[in-house]
């Protein structure tokens with residue numbers, strides 16, 4: 012998978028990128044602003060082979076998250092594909108220390 016970081020100020024499906032929060036093996040997470048000014052998290056899958064298992068796994072993650080409603084699960088607010096046809100999820104933005112800092 013190829014990671015292509017979105018520049019600050021770019022717009023993805025109506026969400027304006029404010030900063031990069033983190034990057035993993037298959038996706039990058041950004042803090043973004045909705046048109047109404049609310050800040051949320053945008054998780055964009057890295058580019059690569061669309062026939063690989065990763066896009067299917069990402070779609071399954073979105074479908075499962077859409078059905079889950081629990082106080083310990085971050086709510087899925089939106090999902091779709093970027094102009095470059097990369098899957099994305101929009102999640103509630105959690106503020107606080109990262110899990111990495113707790114280890």
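Numbering (my numbering), first residue to last: 12 to 114.
Just so it is clear, CB atoms sit at the ideal spot from N, CA and C, and this is done for glycine as well.
Spatially closest choice to residue i from the options, by CA coordinates
i           : options         : result
residue 91  : 70, 47, 31, 111 : 70
residue 24  : 39, 104, 93     : 93
residue 4   : 35, 40, 36      : Missing from the structure shown is residue 4; the chain here goes from 12 to 114 and no further.
residue 15  : 105, 46, 55     : 55
residue 108 : 47, 33, 45      : 33
residue 95  : 78, 114, 57, 83 : 57
Assigned secondary structure, residue i (DSSP; H/G/I helix, E/B strand, else coil)
i           : result
residue 106 : coil
residue 95  : coil
residue 73  : helix
residue 30  : strand
Identified DSSP bridge partners for residue i
i           : result
residue 114 : According to DSSP, which records beta bridges pairwise, residue 114 is partnered with nothing at all.
residue 84  : Note: residue 84 sits in no beta bridge, so no partner.
Unbroken beta strand (DSSP E) run spanning residue i, endpoints
i          : result
residue 50 : 50 to 56
residue 38 : 38 to 44
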